[in-house]
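This report refers to the structure that appears directly beneath it.
Protein chains in written order, with this note's numbering: chain Y, 1 to 320; chain R, 1 to 315.
Rendered as structure tokens:
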């Protein structure tokens, strides 16, 4: 059974909602309130028993049903919804302000006008600021434009996992702004998969003269759990991080962190590209020890020795 | 619900006794004590929802106090959004990736719809912004900022260090590059500071009177956070050898000077602007044999030290 804290605000909003939409289909009401039709019906039955003191036939809220639609015929004075609470105003106003201050996401004029109207009705919400995409991404305008006009794009993209760049033709699907960064979600014709491209890693973008046509199997990525979700084919490394390399566990997602002596920590980290993990570990030098897997430890040591040998080959004048 | 309707319909303050007699449900209360318990609970619930329940003296009435809800304070003012504005609102409401803020945004949408605004959330937006806000300390910090209350919390300066108690006059919370920060005046250090919310290692406690914290006018919260979190600008010019077809990350910032072959591997001699030697040494050592430092010697030594450790740490 749901608590009064969810039900009462809904009941208070239902009467003015129905009043504003005579003859609204019941299914539509349920969808707008994010509840099921049976829950809505129980709400409506309860409303029928509410009204003004006296509680006679003329005092109670009156509803009329016709087919699958509902209309309020007596509102008992409940004509307007309750004001937005502080938390509601904050959640909406801060989000609108973040959209308004991120160029190219939405038409800035619409967002500003919406913001002004919401602030006028709900009050300002100072003290919470969200920076969405912080740098002016050069690719943002072109990507936005391609989405608006449904055009395919040719992009030159840097893949840090493999430390390579590649040219790809993609069919843009959506623009995602997640964790303070912008991503283009697109069908990659080369990989034949839906891929997310980070905007700041798109080096060059050309709008093609052909329409964007993602195939039917191109499904939007589920970002509800964040972008880095555990995948079954990933490998797992166990690393012991010295205090100076503890930032790794904050910067990259880790599955488990065990505090060690003197500020060290042992973490389990997932990775898809061995080359990427080798670069990470190699760069940390003495501040990391690879516990598992042995192949990773061996690959790191082998790359390190090869690098030392190569720098030994420099003529002394070159190494100056 | 009946209590709200009853109080909303009355211009005068209604005494508790009269409410007990008229509003259905209260009549079932077995004793005075039971009624007052119910009534107190209901009043608290209404206030929690933001219903402006007023208490006032009733003139010429012995028992004193009564209750009412002023329609002017209760009702959401008129609001009329054009289709494009409503689309912006719908998108904004989906920004939050956090049950509390997303729930609040949904509550706001329900009220806007109840005010007759058509907000279509099914709109297949080509833009989808998401902001995570799952840190437990965030909600009490936002409340404290809005109430203007001083807060104390234990905070780790570094993940490996013991938390230190902080007393802060919070001016605001800021999400920047996917991380949350609280900004304000640090009372212990008597200076403007920002703290990463994920490094708050215990409960946030609001202390002192609401309204005690005044944000200085004209302060730009995002700028304070961006200024303190911004990595130092490129400070060193270094000369490197990079193997052909490798090290694209560095090549993006590099200028090619000449060709050079090392150990029979063809490559480029480049110059590149890098931040501090520590970060530069990490990037270059990470590339292994694909990048070799030519200049300066200090950086070459730092890279070799990292590589030697990596070569030796597994025997």
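Every residue, glycine too, gets a C-beta built ideally from N, C-alpha and C.
>> Taking 9 Å as the threshold (C-beta atoms), are residue 163 of chain Y and residue 181 of chain R in contact?
In response: Here residue 181 of chain R is taken as the residue at index 181 of the second chain, counted from 1. Here residue 163 of chain Y is taken as the residue at index 163 of the first chain, counted from 1. Going by C-beta atoms, residue 181 of chain R is not nearer than 9 Å to residue 163 of chain Y.
> Taking the alpha carbon of residue 235 of chain Y as the point to measure from, which residue in Y:274, Y:30, Y:267, Y:247 has its own alpha carbon closest?
Replying inline: Taking the first residue of the first chain as 1, we reach residue 235 of chain Y at position 235. Out of Y:274, Y:30, Y:267, Y:247, Y:274 has the C-alpha closest to the C-alpha of residue 235 of chain Y.
> Per DSSP, what kind of secondary structure is residue 300 of chain R in: helix, strand or coil?
Replying inline: In the second chain, counting from the first residue as 1, residue 300 of chain R sits at position 300. Note: residue 300 of chain R maps to helix in three-state DSSP.
>> Would you call the segment 215-230 of chain R in contact with the segment 245-262 of chain R, where contact means no fewer than 3 C-beta pairs closer than 8 Å?
In response: no
>> Could you check whether the segment 308-315 of chain Y touches the segment 281-293 of chain Y, counting it as contact only if at least three pairs of C-beta atoms, one from each stretch, sit closer than 8 Å?
In response: No contact exists between the segment 308-315 of chain Y and the segment 281-293 of chain Y.
> Counting only runs that start and end within the segment 7-87 of chain R, where is the beta strand (DSSP E) found for 3 or more residues in a row?
Replying inline: Those beta strand (DSSP E) runs which fall completely within the segment 7-87 of chain R and span 3+ residues are 53-57, 65-69.
> Between which two residues does the beta strand (DSSP E) harbouring residue 241 of chain R extend?
Replying inline: Residue numbering aside, residue 241 of chain R sits at position 241 when the second chain is read from its first letter. First-last of the beta strand (DSSP E) with residue 241 of chain R: 236-243.
> Is the CB-CB distance between residue 220 of chain Y and residue 173 of chain Y below 9 Å?
Replying inline: Stepping through the first chain from its first residue, residue 220 of chain Y is reached at position 220. Stepping through the first chain from its first residue, residue 173 of chain Y is reached at position 173. In this structure, residue 220 of chain Y places its C-beta atom within 9 Å of the C-beta atom of residue 173 of chain Y.
>> Below 8 Å on the Cβ atoms is my contact criterion, and I expect residue 129 of chain R with residue 145 of chain R to pass it. Report the Cβ-Cβ distance as a whole number of Å.
In response: As a first step, residue 129 of chain R must be located in the second chain, where it is residue number 129. As a first step, residue 145 of chain R must be located in the second chain, where it is residue number 145. No, residue 129 of chain R and residue 145 of chain R are not in contact; Cβ-Cβ is about 22 Å, not under 8 Å.
> Is DSSP giving residue 129 of chain R helix, strand or coil here?
Replying inline: Counting from 1 along the second chain, the entry for residue 129 of chain R is found at position 129. Residue 129 of chain R: strand per DSSP, three-state reduction.
> Can at least three beta-carbon pairs, one atom from the segment 110-124 of chain Y and one from the segment 77-84 of chain R, be found at a separation below 8 Å?
Replying inline: Touching, yes.
> Between which two residues does the alpha helix (DSSP H) containing residue 276 of chain Y stretch?
Replying inline: For the purposes of this step, residue 276 of chain Y is taken as the residue at position 276 of the first chain. Looking at the DSSP string, the run of the alpha helix (DSSP H) that includes residue 276 of chain Y is 274-284.
> At what residues does the alpha helix (DSSP H) containing residue 149 of chain Y begin and finish?
Replying inline: Indexing the first chain from 1 puts residue 149 of chain Y at position 149. Segment 138-149, the alpha helix (DSSP H) holding residue 149 of chain Y.
> Between the beta-carbon of residue 291 of chain R and the beta-carbon of residue 301 of chain Y, is there less than 9 Å?
Replying inline: Taking the first residue of the second chain as position 1, residue 291 of chain R is located at position 291. Taking the first residue of the first chain as position 1, residue 301 of chain Y is located at position 301. No, the Cβ-Cβ distance between residue 291 of chain R and residue 301 of chain Y is not below 9 Å.
>> Could you check whether the Cβ of residue 247 of chain Y sits closer than 9 Å to any Cβ belonging to chain R?
In response: On the first chain, position 247 is the one that residue 247 of chain Y refers to. So, interface residue.
> Between the segment 139-158 of chain Y and chain R, which residues of the former have CB atoms less than 7 Å from a CB of the latter, in chain order?
Replying inline: 147, 158
>> Does the CB of residue 214 of chain R have a neighbour CB from chain Y at under 9 Å?
In response: Locating residue 214 of chain R in the second chain gives position 214, counting from the first residue. No, its Cβ sits nowhere closer than 9 Å to a Cβ of chain Y.
> Is it the case that the Cβ atoms of residue 35 of chain R and residue 44 of chain R are separated by a distance below 9 Å?
Replying inline: As a position in the second chain, residue 35 of chain R is number 35, starting the count at 1. As a position in the second chain, residue 44 of chain R is number 44, starting the count at 1. Their beta carbons are not under 9 Å apart, which means residue 35 of chain R does not touch residue 44 of chain R by this criterion.
> Going straight from the alpha carbon of residue 336 of chain Y to that of residue 160 of chain R, what length do you get?
Replying inline: Not covered by the structure: residue 336 of chain Y. The range shown for chain Y is 1 to 320.
> Quick one: is residue 218 of chain Y near chain R, going by C-beta distance under 9 Å?
Replying inline: In the first chain, counting from the first residue as 1, residue 218 of chain Y sits at position 218. No, residue 218 of chain Y does not count as interfacial toward chain R.
>> Cutting at 7 Å between CB atoms, please list the residues of its own chain near residue 196 of chain R, excluding the five before and the five after it.
In response: Translated into the one-based positions of the second chain, residue 196 of chain R becomes position 196. Result list for residue 196 of chain R: 179, 181, in chain order.
> Using a C-beta cutoff of 9 Å, does residue 283 of chain Y count as contacting chain R?
Replying inline: To locate residue 283 of chain Y, count along the first chain from 1; it is residue 283. So, interface residue.
> What residue ranges within the segment 36-94 of chain Y form continuous alpha helix (DSSP H) runs of no fewer than 4 residues, ordered along the chain?
Replying inline: 37-47
> So, are the CB atoms of residue 99 of chain Y and residue 144 of chain Y less than 9 Å apart?
Replying inline: Stepping through the first chain from its first residue, residue 99 of chain Y is reached at position 99. Stepping through the first chain from its first residue, residue 144 of chain Y is reached at position 144. No.
> Hey, out of R:309, R:22, R:77, whose CA is closest to residue 116 of chain R's CA?
Replying inline: Here residue 116 of chain R refers to the residue found at position 116 of the second chain. Comparing C-alpha distances from residue 116 of chain R to each of R:309, R:22, R:77 shows the shortest one belongs to R:77.
> Any beta-carbon of chain Y closer than 9 Å to the one on residue 142 of chain R?
Replying inline: Numbered from its first residue, the second chain carries residue 142 of chain R at position 142. Answer yes: the Cβ-Cβ gap between residue 142 of chain R and chain Y drops below 9 Å somewhere.
>> Which residue marks the beginning of the beta strand (DSSP E) containing residue 266 of chain Y, and which one marks its end?
In response: The count along the first chain starts at 1 and reaches residue 266 of chain Y at position 266. Per DSSP, residue 266 of chain Y belongs to the beta strand (DSSP E) from 265-271.
>> Measuring alpha carbon to alpha carbon, tell me which residue in Y:261, Y:265, Y:252 is nearest residue 276 of chain Y.
In response: As a first step, residue 276 of chain Y is located in the first chain; it is residue number 276 there, counting from the start. The closest CA to that of residue 276 of chain Y, considering only Y:261, Y:265, Y:252, is found on Y:252.
>> Excluding the 5 residues flanking residue 213 of chain Y on each side, which residues of the same chain have their C-beta closer than 8 Å to its C-beta?
In response: Locating residue 213 of chain Y in the first chain gives position 213, counting from the first residue. Same-chain partners within the cutoff: 152, 171.
>> Would you say residue 164 of chain Y lies against chain R (beta-carbon separation less than 9 Å)?
In response: Translated into the one-based positions of the first chain, residue 164 of chain Y becomes position 164. Yes, residue 164 of chain Y lies at the interface with chain R (some Cβ there is under 9 Å from its Cβ).
> Shorter than 9 Å from the beta carbon of residue 174 of chain R to some beta carbon of chain Y?
Replying inline: Translated into the one-based positions of the second chain, residue 174 of chain R becomes position 174. It does: the Cβ of residue 174 of chain R has a partner Cβ on chain Y nearer than 9 Å.
> Between residue 26 of chain R and chain C, is there a C-beta pair that is closer than 9 Å?
Replying inline: The question asks about chain C, but that chain is absent: this structure's protein chains are Y and R.
> If you draw a straight line from the alpha carbon of residue 279 of chain R to that of residue 305 of chain R, how long is it in whole angstroms?
Replying inline: Mapped onto the second chain, residue 279 of chain R falls at position 279. Mapped onto the second chain, residue 305 of chain R falls at position 305. Their backbone Cα atoms lie some 14 Å apart in a straight line.
> Are the C-beta of residue 275 of chain R and some C-beta of chain Y separated by less than 9 Å?
Replying inline: The sequence position of residue 275 of chain R within the second chain is 275, counting from 1. No - not a single Cβ of chain Y is within 9 Å of the one on residue 275 of chain R.
>> Going by DSSP, what residue range makes up the beta strand (DSSP E) through residue 207 of chain Y?
In response: Your numbering for residue 207 of chain Y matches position 207 in the first chain. Segment 202-211, the beta strand (DSSP E) holding residue 207 of chain Y.
> First and last residue of the alpha helix (DSSP H) that includes residue 108 of chain Y?
Replying inline: The residue labelled residue 108 of chain Y in the question sits at position 108 within the first chain. First-last of the alpha helix (DSSP H) with residue 108 of chain Y: 108-122.
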